[in-house]
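Residue numbers (my numbering): 3 to 619.
Below, the structure written as structure tokens:
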């Protein structure tokens with residue numbers, strides 16, 4: 003199968019010489035168009051997750067489907083190879099099924115819109131964007147059921163279909179889709195906003211082609227791809243060794259009592275090509291924590307990480323894809339077989355970034371980050387408010403960014419740099435709850451020469467009866483420190499009933515029945531520390547103590563003794579000498595203990611029973 007593009011003008015684009023100034027103008031104009039897509043979306047969407055938090059990802063691609071600006075990399079070439087139908091001017095495509103778009107989106111709440119951009123009868127670009135819908139149906143409000151055993155339980159599946167055909171909306175089809183979701187007004191508004199964003203990008207691309215000429219515009223984009231290819235070729239040669247390196251990390255459990263699940267990846271270089279091989283990663287889980295990882299998506303993750311670490315001036319686009327090979331075993335937790343459940347894949351998606359950091363950092367340890375807030379934990383609260391109207395809150399929690407070669411990790415931040423927190427005033431105005439605490443968790447960041455960022459505590463006072471769902475991780479394993487840095491603290495969830503009784507909640511749970519007056523304590527985890535904490539300037543430790551980021555006792559993790567509000571230099575020097583002699587040789591990674599040790603002390607430290615090690619036949 004291959005898509006048939008209906009064009010009135012089949013004249014191929016010509017590659018011509020383009021001067022550097024014109025290339026820079028086109029690059030910046032396309033970057034502005036990508037930012038304008040975000041602006042249109044955030045001003046016209048309705049759900050808090052998209053409008054306030056920014057849970058949406060735009061892209062502009064070349065005429066053959068390579069992402070030129072954006073975030074998640076392009077799936078369009080794969081779509082063109084697999085779509086059995088015509089693509090015409092005015093068409094807008096919609097899908098949310100990971101199994102039918104090769105993982106371009108990885109769970110059903112992400113609705114993906116794709117639009118071909120025509121000029122003078124031929125395709126000059128594509129625009130695309132996906133956004134996380136607050137609900138897509140399924141067995142629980144929010145459509146992220148932990149205990150789902152297949153994708154059929156997770157909500158409505160939309161195959162690649164034409165939402166607009168030659169400019170005309172298929173309103174009957176959209177009505178059927180929205181009939182199967184709990185928040186149809188939000189979904190309709192968010193979907194219209196995504197389409198408007200894609201159309202905005204389309205107008206900007208046409209304007210650029212008219213300004214510079216089709217062939218110059220085409221050639222400038224090709225040169226942007228070539229620039230990234232040349233730059234990434236140099237970066238890969240510098241940071242990826244020819245010798246094979248292996249790293250393992252984990253997600254703590256699957257919400258069904260099994261865990262941890264092992265992610266294992268080997269990395270080496272063959273000539274100019276970086277090879278990532280996930281052989282040894284655990285098989286797929288019976289619950290919904292599976293992550294259908296698109297190889298092209300992994301490549302863009304790798305590019306984003308290496309560019310941010312080694313050369314932020316490089317433009318992130320698809321131009322370097324032939325320099326990376328990704329091998330993911332079919333049937334693994336990163337490539338599950340249909341119809342495996344996928345809704346809670348966010349834990350694995352985030353953990354991929356820690357995995358890449360651990361792999362790349364073994365050859366360049368001074369350039370690596372510690373493990374950080376590699377997740378997007380979800381808090382969901384739903385029911386009927388005081389007026390009897392259905393409400394449904396979906397929020398993403400923030401935590402500690404890891405300590406880094408260049409300095410401390412930020413406190414209370416998102417995994418995704420573009421996400422913003424939803425203002426507490428907004429949440430309280432639209433939902434029947436009160437946020438009584440919103441603060442960093444003292445000492446939750448790992449100690450180090452550069453301190454890991456602290457996690458957050460958000461205390462939700464629930465004002466009506468309803469139900470709560472929580473999806474988080476790192477409650478058993480620690481976010482590891484590097485180069486002598488200590489691990490960050492783990493996540494923790496607790497329900498304090500209105501009568502004063504307390505209940506520890508699992509990191510992954512659904513359908514928790516709550517009453518008016520109950521309090522949910524939502525504690526996220528901190529980032530790991532970077533470098534020897536005994537070498538941190540005591541003045542910095544004292545500053546952190548005064549800010550409430552580190553406690554006086556926590557300062558002793560750095561070998562710093564505080565008396566009467568000031569550093570005691572003599573006792574600090576003595577304590578540091580003792581700590582240095584007792585700890586032995588500094589290790590590259592500090593995980594806070596082996597898996598067996600963590601499981602053995604799980605109940606005492608977390609209040610929760612240790613998960614059972616998964617077994618397969």
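For glycine and all other residues, C-beta sits at the position ideal for the given N, C-alpha and C.
As the structure is a computational prediction, the values presented were derived from the model and not from experiment.
With DSSP as the reference, please indicate the residues paired to residue i in a beta bridge.
| i | result |
| --- | --- |
| residue 248 | 268 |
| residue 536 | In DSSP, residue 536 forms no bridge with anything. |
| residue 515 | 469 |
| residue 614 | 260 |
| residue 279 | 268 and 329 |
| residue 166 | 94 and 171 |
| residue 116 | 95 and 130 |
| residue 564 | 569 |
| residue 1 | Since the first residue of the chain shown is 3 and the last is 619, residue 1 is not available in this structure. |
| residue 484 | 532 and 591 |
| residue 285 | 334 |
| residue 151 | For residue 151, which the question treats as bridged, DSSP gives no partner whatsoever. |
| residue 109 | According to DSSP, residue 109 bridges with nothing at all. |
| residue 464 | 435 |
Tell me whether the beta-carbon of residue i lies closer than 7 Å to the beta-carbon of residue j.
| i | j | result |
| --- | --- | --- |
| residue 520 | residue 464 | yes |
| residue 581 | residue 561 | yes |
| residue 44 | residue 91 | no |
| residue 402 | residue 454 | yes |
| residue 518 | residue 460 | no |
| residue 70 | residue 223 | yes |
| residue 336 | residue 264 | no |
| residue 199 | residue 42 | yes |
| residue 390 | residue 529 | no |
| residue 481 | residue 592 | no |
| residue 137 | residue 183 | yes |
| residue 297 | residue 331 | no |
| residue 320 | residue 475 | no |
| residue 155 | residue 140 | yes |
| residue 417 | residue 526 | no |
| residue 65 | residue 8 | no |
| residue 1 | residue 289 | A query on residue 1 cannot be resolved here, the shown segment of the chain reaching from 3 to 619 and no further. |
In the DSSP assignment, find the unbroken alpha helix (DSSP H) run with residue i in it and report its ends.
| i | result |
| --- | --- |
| residue 381 | Here residue 381 belongs to no alpha helix (DSSP H); instead the beta strand (DSSP E) covers 380-386. |
| residue 608 | 604-608 |
| residue 575 | 571-585 |
| residue 129 | Looking at the DSSP string, residue 129 is not in any alpha helix (DSSP H); the run it does join, the beta strand (DSSP E), is 124-134. |
| residue 353 | 348-363 |
| residue 21 | No alpha helix (DSSP H) holds residue 21; DSSP gives it neither H nor E. |
| residue 227 | 216-241 |
| residue 297 | 297-312 |
| residue 50 | 50-53 |
| residue 431 | 426-432 |
| residue 550 | Where residue 550 is concerned, there is no enclosing alpha helix (DSSP H), given that its DSSP letter is neither H nor E. |
| residue 82 | 78-84 |
Check the C-beta distance from residue i over to residue j and give it rounded, since I have them as a contact under 8 Å.
| i | j | result |
| --- | --- | --- |
| residue 57 | residue 134 | 4 Å |
| residue 93 | residue 164 | 5 Å |
| residue 311 | residue 369 | 6 Å |
| residue 293 | residue 493 | So it is not a contact: roughly 19 Å between Cβ atoms. |
| residue 72 | residue 62 | 6 Å |
| residue 325 | residue 234 | 6 Å |
| residue 278 | residue 354 | The Cβ separation is near 10 Å, so there is no contact. |
| residue 613 | residue 255 | 4 Å |
| residue 479 | residue 616 | Not a contact, Cβ separation roughly 15 Å. |
| residue 600 | residue 508 | About 16 Å; that fails the 8 Å criterion. |
| residue 532 | residue 470 | The Cβ separation is near 35 Å, so there is no contact. |
| residue 447 | residue 411 | 7 Å |
Identify the continuous beta strand (DSSP E) that holds residue i and give its terminal residues.
| i | result |
| --- | --- |
| residue 441 | 435-442 |
| residue 60 | 58-64 |
| residue 394 | 392-398 |
| residue 70 | 69-72 |
| residue 495 | 494-498 |
| residue 2 | Residue 2 lies beyond the stretch modelled for the chain, which goes from 3 to 619, so this question has no answer here. |
| residue 522 | 521-525 |
Any Cβ of chain B within less than 7 Å of the Cβ of residue i?
| i | result |
| --- | --- |
| residue 125 | Given the protein chain composition of this structure (a single chain), no chain B is represented. |
Determine, using beta-carbon pairs with one atom in the segment 491-507 and one in the segment 543-553, whether at least three such pairs fall under 8 Å.
-> no
Using 8 Å as the threshold, is the segment 200-213 in touch with the segment 121-130, meaning 3 or more CB pairs across them?
-> Result yes; three or more Cβ-Cβ pairs closer than 8 Å.
May I ask you to verify whether the segment 166-184 touches the segment 77-84, counting CB pairs closer than 8 Å and requiring at least 3?
-> no
Can we say the segment 45-56 touches the segment 98-108, given the rule of at least three CB pairs closer than 8 Å?
-> In short, these stretches do not touch, since the Cβ pair count stays below three.
Counting pairs of Cβ atoms below 8 Å between the segment 299-318 and the segment 359-374, do you hit three or more?
-> Result yes; three or more Cβ-Cβ pairs closer than 8 Å.
Contact the segment 330-348 vs the segment 148-161: 3+ CB pairs below 8 Å | yes
Evaluate the contact criterion for the segment 440-449 versus the segment 383-393: three or more CB pairs, one atom per stretch, below 8 Å.
-> no
Would you call the segment 240-253 and the segment 207-224 touching, i.e. three or more CB-CB distances under 8 Å?
-> Segments in contact, no.
Count the C-beta pairs between the segment 402-414 and the segment 24-32 that are closer than 8 Å, then say yes if the count reaches three, no if not.
-> no
Would you check if the segment 538-551 and the segment 559-576 touch, i.e. whether three or more CB-CB distances between them fall below 8 Å?
-> yes
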